[in-house]
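Colleague: These protein sequence lines are chains A and B, in that order. Mapping of the first sequence onto UniProt numbering: residues 1 to 324, in sequence order. Mapping of the second sequence onto UniProt numbering: residues 1 to 324, in sequence order. No residue lacks a Cβ here, since even glycine has one placed at the ideal position from N, Cα and C.
2 protein chains.
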Amino acid sequence: MPKVTLYDIARICGVNASTVSRALRNDARLKTETIERIQSVAEKKGYRPNLAARYLKRGKAEIIWFIVPTLGASVDWKSAEFATQHAHDKGYDLAITVHHGDQKVFDRAAERMMQGLSAGAIINRRDIRDLSALDPLRKRNFPIIFIDVPPERSYGEGLVVTTDNEAAGRELVRRCIDAGARQFMLLFRRGVNAVERERFTGAARELRERGVTWVNGITKGDGLDWEALDERVALLGSSQEAVLTFAIPHADALRRKHCTIGCFDDWLGEARPAERVIVAEQDYETIADTAVDRLANLIDQTDGSDHPLARIPVSDYLTRKSYF
Amino acid sequence: MPKVTLYDIARICGVNASTVSRALRNDARLKTETIERIQSVAEKKGYRPNLAARYLKRGKAEIIWFIVPTLGASVDWKSAEFATQHAHDKGYDLAITVHHGDQKVFDRAAERMMQGLSAGAIINRRDIRDLSALDPLRKRNFPIIFIDVPPERSYGEGLVVTTDNEAAGRELVRRCIDAGARQFMLLFRRGVNAVERERFTGAARELRERGVTWVNGITKGDGLDWEALDERVALLGSSQEAVLTFAIPHADALRRKHCTIGCFDDWLGEARPAERVIVAEQDYETIADTAVDRLANLIDQTDGSDHPLARIPVSDYLTRKSYF
DNA sequence: CTGTTAGCGCTTTCAG
DNA sequence: CTGAAAGCGCTAACAG
């Protein structure tokens, strides 16, 4: 089947292409009858607008790109799914793209944003060190919202939507204490990003204020010293003890312990890792909706005013509101 | 910063726009010196090609769309991540989009495929009953590959890339028996799609051939009768028994049993659901790569020959080769 | 080796 | 209420 264009429809209807263009948008200036006639012909002929042509003409696109490091972490896939819905409601399509923490892939995605097919982007820059690929985007005032992990540079504060991570750290401590924990080990890679740092700060403060004792995980550069950690973790054993940690991919060290584990967003370890796992989940829906709203404002220039940094309160724990 | 076009670069370099176009493609016909000069100016001025214009002119796009029901199931997110890499290697960008099992959202995505921004699509139609939105795509010979769940209609066999699900069903039975199971309950929603059906068939045949006894889960229409099931599951209790099942979102019925659970792709239940969980994972990487390869062939028309249905062998179990 | 030219399909002002 | 016309930015055939 050959492609059908506006001109084909115009010819068949005996009108001008611009009339067809208007009819398909339900332009109020046209006679209802004309609109109906044209629309039914377009329907019958299987006409589809060519978005490349539309974007070219208009000089702007209607796709929001959602750029995340992976889809295996709930913070990424759940916020992506919520953002999809919310973007649709606002008349945008949403395309998800994965950078895998790989600088080259990230830079490639950033490039694509400037090539006329993107109205704006929502970016989780976790695991990406170098954001210089975004400089040209900023120069062009390309609409970007950062979620979860902030950019760590002088981007506008209002361009960041993130959880109140310090509150989340405090809250997770409280939950573990409610579950019986009286002694803590904190495992955070504080050098890695702002989120980790803030969670640590919150947890540590809460513990100090409550006079609960804790030890630090053994770090090595930005990360953890896994070997030394194995040894120390091996000493744990009672449900009186809790380990507070980020989502650990290789959580072998924590397997089959009788302690309580508190972690953020989701537990990626073994199915039966410990006596009790307490998960503090971010409020993905609010994060996603807020990000899309703010991005839409940037795109429409609706709103030049400076927004404050969006600090989304930590949600109820263990909620699952997504597809599953 | 205003946008920079080919013409701007052409003017600055004192050449014609088409020369610039060629230079940026490293067209062998141009003098190396000219190419270098033009490229350095383009670089300096921050030139970016406008893909909307390119796609319009060429009449085709270079984005592959990966359409899945959700990102919470490993079959979806892992194959999406592998497909991203492989598509990049083949010179395509890959955009992921989620239909959530929602017919309207799926239809909308199908519409978008025909609007000039998509070179082809890889689709997992799980949870979508009505594929009629794809009819116009077929009429235009739009390149589509189905993965995981086949379309259940007369689409070309070679357009489907899926696991050998019957073999997977057999293999999972073997694993459970190796783990000590001597009695089985099979929980499948056979009416739901071909994958479920084939897994059931494989498991049932393997059990029959081995003379192992099994009972069926209690079904109700296409699904399971959860209440009746709860009661029956409550009777389970020994590690001699195994429950073979699809990935169950709400697996409360199976909590804290001493039986063995065998399931496909990933376990979505509680962190400590049973004495032993055995997961049979599809070979996402091969599925994704095969799908991208075949799609690329369709796009290039490289290959009019009929491919056979791609039946990917079931992979090693419990492998995790992705980002985490 | 490089320039000219004609459009890809759509939108949008301006005319009438 | 509808038509005419210009042009978005790029590419590719053809010309030289």
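#1: At a CB-CB cut-off below 7 Å, which residues of chain B make contact with histidine 49 of chain A?
#2: Alpha carbons only, please: which of B:Arg182, B:Gln115, B:Glu62, B:Val4 is nearest the one belonging to leucine 295 of chain B?
#3: Which term fits arginine 154 of chain A, buried or exposed, when burial requires 16 or more other beta carbons within 10 angstroms of its beta carbon?
#4: Determine the contact status of leucine 51 of chain B and leucine 207 of chain A, defining contact as a CB-CB distance below 8 Å.
#5: Measure from the alpha carbon of aspartate 135 of chain A to the alpha carbon of each residue in A:Tyr47, A:Asn124, A:Val105, A:Met113, then state which is nearest.
#6: Under 7 Å between beta-carbons, which chain B residues line up against arginine 112 of chain A? List them in chain order, please.
#7: Decide if the segment 87 to 101 of chain A is in contact with the segment 79 to 86 of chain B; the criterion is three or more beta carbon pairs, one per stretch, under 8 Å apart.
#8: Only counting the same chain, and skipping five residues up and downstream in sequence, which positions put a Cβ closer than 7 Å to that of leucine 137 of chain A?
#9: Glutamine 103 of chain B lies in the alpha helix (DSSP H); which residues open and close that run?
#10: Quick check on the burial criterion: 16 or more other C-beta atoms within 10 angstroms. Buried or exposed for arginine 199 of chain A?
#11: Express the C-alpha separation of valine 149 of chain B and aspartate 102 of chain B in angstroms, rounding to a whole number.
#12: Checking contacts by CB at 8 Å: is tryptophan 226 of chain B closer than that to chain A?
#13: Against isoleucine 144 of chain A, what residues of chain B qualify as contacts under a CB-to-CB distance less than 7 Å, listed in chain order?
#14: Contact criterion: CB-CB distance below 8 Å. Does histidine 307 of chain B meet it with respect to chain A?
#15: Can you list the residues of chain B that threonine 96 of chain A reaches, using a CB-CB cut of under 9 Å?
#16: Locate the beta strand (DSSP E) running through phenylalanine 184 of chain A, then write down its first and last residues.
#17: Ignore the nearest five residues each way along the sequence and tell me which others in arginine 232 of chain B's own chain have a CB closer than 6 Å to its CB.
#18: Looking only at its own chain, which residues have a Cβ that is under 8 Å from the Cβ of proline 308 of chain B, when we skip the five neighbours before and after it?
#19: Alpha carbon to alpha carbon, how far is glutamate 281 of chain A from glutamate 171 of chain A?
#20: Say whether the segment 37 to 47 of chain B touches the segment 5 to 25 of chain B, bearing in mind that this needs 3 or more beta-carbon pairs closer than 8 Å, one atom from each stretch.
#21: Got a sec: which bits of the UniProt domain "HTH lacI-type" (4 to 58) of chain A sit with their beta carbon under 7 Å from any beta carbon on chain B, in order along the chain?
#22: Let me see if you follow: with CB-CB separation under 8 Å, is threonine 245 of chain B close to chain A or not?
#23: Which chain A residues are close to threonine 213 of chain B, counting only those with a beta carbon under 7 Å from its beta carbon?
#24: Taking C-beta pairs closer than 7 Å, name the residues in chain A that threonine 260 of chain B reaches, listed in chain order.
#25: For lysine 60 of chain A and proline 2 of chain B, what's the separation of their Cα atoms in angstroms?
#26: Comparing C-alpha positions only, which one of B:Glu241, B:Thr213, B:Arg190, B:Ala194 sits nearest to aspartate 225 of chain B?
#27: Where do the N-terminal and C-terminal ends of the beta strand (DSSP E) with valine 41 of chain B fall, by residue?
#28: Under the DSSP definition of a beta bridge, which residues are partnered with glutamate 241 of chain A?
#29: Is any beta-carbon of chain A found at less than 8 Å from that of tyrosine 317 of chain B?
#30: Got a sec? Which residues, its chain only, sit under 8 Å from lysine 196 of chain B by beta carbon, not counting five neighbours each side?
#31: I'd like to know whether the C-beta atoms of glycine 180 of chain A and alanine 203 of chain A end up nearer to each other than 8 Å.
#32: May I ask you to report which of helix, strand or coil DSSP gives histidine 88 of chain A?
#33: For proline 49 of chain A, which option in A:Val20, A:Trp77, A:Val68 has the closest C-alpha, if you only look at C-alpha atoms?
#34: Apart from the five residues just before and just after tyrosine 55 of chain B, which ones in its own chain have a Cβ nearer than 8 Å to its Cβ?
#35: Tell me the rounded alpha-carbon separation between arginine 29 of chain B and alanine 53 of chain A.
#36: Extract the residue ranges of the alpha helix (DSSP H) inside the segment 132 to 213 of chain A, only unbroken runs of 4 or more that lie entirely within it.
Modeller: For this structure:
#1: Numbered from its first residue, the first sequence carries residue 49 of chain A at position 49. Sequence check: residue 49 of chain A is proline here, not histidine. Per Cβ cutoff of 7 Å: Gln115.
#2: One-based indexing of the second sequence puts residue 295 of chain B at position 295. That would be B:Glu62, whose Cα lies nearest to the Cα of leucine 295 of chain B.
#3: The sequence position of residue 154 of chain A within the first sequence is 154, counting from 1. Just to set this straight, residue 154 of chain A is serine in the shown sequence, not arginine. That one is exposed.
#4: Taking the second sequence and counting its residues from 1, one reaches residue 51 of chain B at position 51. Taking the first sequence and counting its residues from 1, one reaches residue 207 of chain A at position 207. Not in contact: leucine 51 of chain B and leucine 207 of chain A (Cβ atoms no closer than 8 Å).
#5: The residue you call residue 135 of chain A lines up with position 135 of the first sequence. Nearest option by C-alpha distance: A:Met113.
#6: Numbered from 1 along the first sequence, position 112 holds the residue referred to as residue 112 of chain A. Near arginine 112 of chain A (Cβ distances below 7 Å), the residues of chain B are Asp93.
#7: These segments touch.
#8: On the first sequence, position 137 is the one that residue 137 of chain A refers to. Answer for leucine 137 of chain A: Ala110, Met113, Met114, Ile144, listed in chain order.
#9: Looking up residue 103 of chain B in the second sequence gives position 103. Here the alpha helix (DSSP H) through glutamine 103 of chain B covers 103 to 113.
#10: The residue labelled residue 199 of chain A in the question sits at position 199 within the first sequence. Flag for arginine 199 of chain A reads buried.
#11: Taking the first residue of the second sequence as 1, we reach residue 102 of chain B at position 102. Taking the first residue of the second sequence as 1, we reach residue 149 of chain B at position 149. When rounded, the distance between both Cα atoms is 16 Å.
#12: Residue 226 of chain B sits at position 226 when you count from the first residue of the second sequence. Cβ-Cβ to chain A under 8 Å: no for tryptophan 226 of chain B.
#13: As a working note, residue 144 of chain A is residue 144 in the first sequence. Chain B residues near isoleucine 144 of chain A: none, gap ~15 Å exceeds 7 Å.
#14: Start at 1 with the first residue of the second sequence, and residue 307 of chain B comes out as number 307. By this cut-off, histidine 307 of chain B is not an interface position.
#15: Numbered from its first residue, the first sequence carries residue 96 of chain A at position 96. A quick correction: the sequence has isoleucine, not threonine, at residue 96 of chain A. Near isoleucine 96 of chain A (Cβ distances below 9 Å), the residues of chain B are Phe66, Leu71, Ala80, Ala95, Ile96, Thr97, Val98.
#16: Locating residue 184 of chain A in the first sequence gives position 184, counting from the first residue. 183 to 187 is the extent of the beta strand (DSSP E) around phenylalanine 184 of chain A.
#17: Mapped onto the second sequence, residue 232 of chain B falls at position 232. Closer than 6 Å at the Cβ level, and outside the excluded window around arginine 232 of chain B, lies no residue.
#18: Along the second sequence, one-based indexing puts residue 308 of chain B at 308. Glu157, Gly158, listed in sequence order.
#19: Here the question's residue 281 of chain A lines up with position 281 in the first sequence. Here the question's residue 171 of chain A lines up with position 171 in the first sequence. Distance between the alpha carbons of glutamate 281 of chain A and glutamate 171 of chain A: 11 Å.
#20: Touching, per the Cβ criterion.
#21: Gly46, Arg48, Pro49, Asn50, Leu51, Ala52, Ala53, Tyr55, Leu56
#22: Mapped onto the second sequence, residue 245 of chain B falls at position 245. It does not: the Cβ of threonine 245 of chain B has no partner Cβ on chain A nearer than 8 Å.
#23: Here residue 213 of chain B corresponds to residue number 213 of the second sequence, with the count starting at 1. In chain order: nothing, as chain A lies at least about 27 Å away.
#24: Counting from 1 along the second sequence, the entry for residue 260 of chain B is found at position 260. Residues of chain A passing the Cβ test: none, with the nearest at roughly 12 Å.
#25: Within the first sequence, residue 60 of chain A is the residue found at index 60, counting from 1. Within the second sequence, residue 2 of chain B is the residue found at index 2, counting from 1. Looking at the two C-alpha atoms, the distance is approximately 14 Å.
#26: Translated into the one-based positions of the second sequence, residue 225 of chain B becomes position 225. Answer by Cα proximity: B:Arg190.
#27: Along the second sequence, read from residue 1 onward, the residue named residue 41 of chain B stands at position 41. Element bounds for valine 41 of chain B: not the beta strand (DSSP E) but the alpha helix (DSSP H), 32 to 45.
#28: Against the first sequence, residue 241 of chain A aligns to sequence position 241. Paired residue(s): A:Gln183.
#29: On the second sequence, position 317 is the one that residue 317 of chain B refers to. Note that tyrosine 317 of chain B scores 45 on pLDDT, short of 50, meaning its location in the model is unreliable; the coordinates nonetheless yield the value given after this. Taking Cβ atoms only, chain A never reaches closer than 8 Å to tyrosine 317 of chain B, which makes this a no.
#30: Numbered from 1 along the second sequence, position 196 holds the residue referred to as residue 196 of chain B. Per the sequence shown, residue 196 of chain B should be read as glutamate rather than lysine. Hits under 8 Å: Phe188, Arg189, Arg190, Phe246.
#31: Start at 1 with the first residue of the first sequence, and residue 180 of chain A comes out as number 180. Start at 1 with the first residue of the first sequence, and residue 203 of chain A comes out as number 203. Cβ atoms of glycine 180 of chain A and alanine 203 of chain A: not closer than 8 Å.
#32: Counting from 1 along the first sequence, the entry for residue 88 of chain A is found at position 88. The answer is helix: DSSP assigns histidine 88 of chain A an H, G or I state.
#33: Walking along the first sequence from the start, residue 49 of chain A turns up at place 49. Closest option to proline 49 of chain A, Cα to Cα, is A:Val20.
#34: If you number the second sequence from 1, residue 55 of chain B lands on position 55. Around tyrosine 55 of chain B: Ala61, Glu62, Gly116, Leu117.
#35: Within the second sequence, numbered from 1, the residue matching residue 29 of chain B stands at position 29. Within the first sequence, numbered from 1, the residue matching residue 53 of chain A stands at position 53. Looking at the two C-alpha atoms, the distance is approximately 30 Å.
#36: Positions of the alpha helix (DSSP H) runs, each at least 4 residues long and wholly inside the segment 132 to 213 of chain A, are given as 135 to 139, 165 to 178, 194 to 210 in order along the chain.
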